[in-house]
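Below is one structure; the comments refer to it alone.
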Amino acid sequence: MSIYDAAMDYKFHSVPLVIFAGREYGCGSSRDWAAKGTNLLGVKAVIAESFERIHRSNLVGMGVLPLLLINCSVQDLQLNGTEYITIKGLNNGIKPYNQLNRIITRQSGIIDTISVVLQAFTDNEINYIQHG
Numbered sequence: 054m055s056i057y058d059a060a061m062d063y064k065f066h067s068v069p070l071v072i073f074a075g076r077e078y079g080c081g082s083s084r085d086w087a088a089k090g091t092n093l094l095g096v097k098a099v100i101a102e103s104f105e106r107i108h109r110s111n112l113v114g115m116g117v118l119p120l121l122l123i124n125c126s127v128q129d130l131q132l133n134g135t136e137y138i139t140i141k142g143l144n145n146g147i148k149p150y151n152q153l154n155r156i157i158t159r160q161s162g163i164i165d166t167i168s169v170v171l172q173a174f175t176d177n178e179i180n181y182i183q184h185g
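54 is the number of the first residue of the sequence shown in the numbering used here; add one for each residue after it.
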């Protein structure tokens, strides 16, 4: 199954997607289209070790949460693709630099809680995230 077909299947079943990434996520050309494509595939959050500055801004503009990993790397998480991800703290409203807990529920039943920081820096960026 292609990435597009899988994303459309998740979207059909109302399952939001999360991307995990290493350093400088979004580095390269055509960053605005990369953010648009991410949103169109149903991705609601990108959790990364760091973000390329312009791409982070483009994600915000598309309503995708840019979340920075704290004190760990993607490799440290030992993800295999069977996990369920829950981001706690969004229902209370978000603010610039919000620290949120991300809960990883593994297929084995083990639950890990890891902190992330929202990489939205102004109230205007929060408004973009809330309204896509």
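Even for Gly, the Cβ is constructed at its ideal location relative to N, Cα and C. Since we're looking at a predicted model, the values are computed, not measured.
Check                                                                                  : Outcome
Cβ-Cβ distance between residue 100 and residue 155 below 8 Å                           : yes
Inter-residue CB distance, residue 171 and residue 112 (contact presumed, cutoff 8 Å)  : Wrong, their Cβ atoms sit about 11 Å apart, outside the cutoff.
Rounded separation between residue 174 and residue 183 - CA only                       : 14 Å
Contact check, residue 87 vs residue 66, beta carbons under 8 Å                        : no
CB of residue 74 within 8 Å of CB of residue 127, strictly                             : yes
Proximity winner among 145, 164, 124, relative to residue 132 (alpha-carbon distances) : 164
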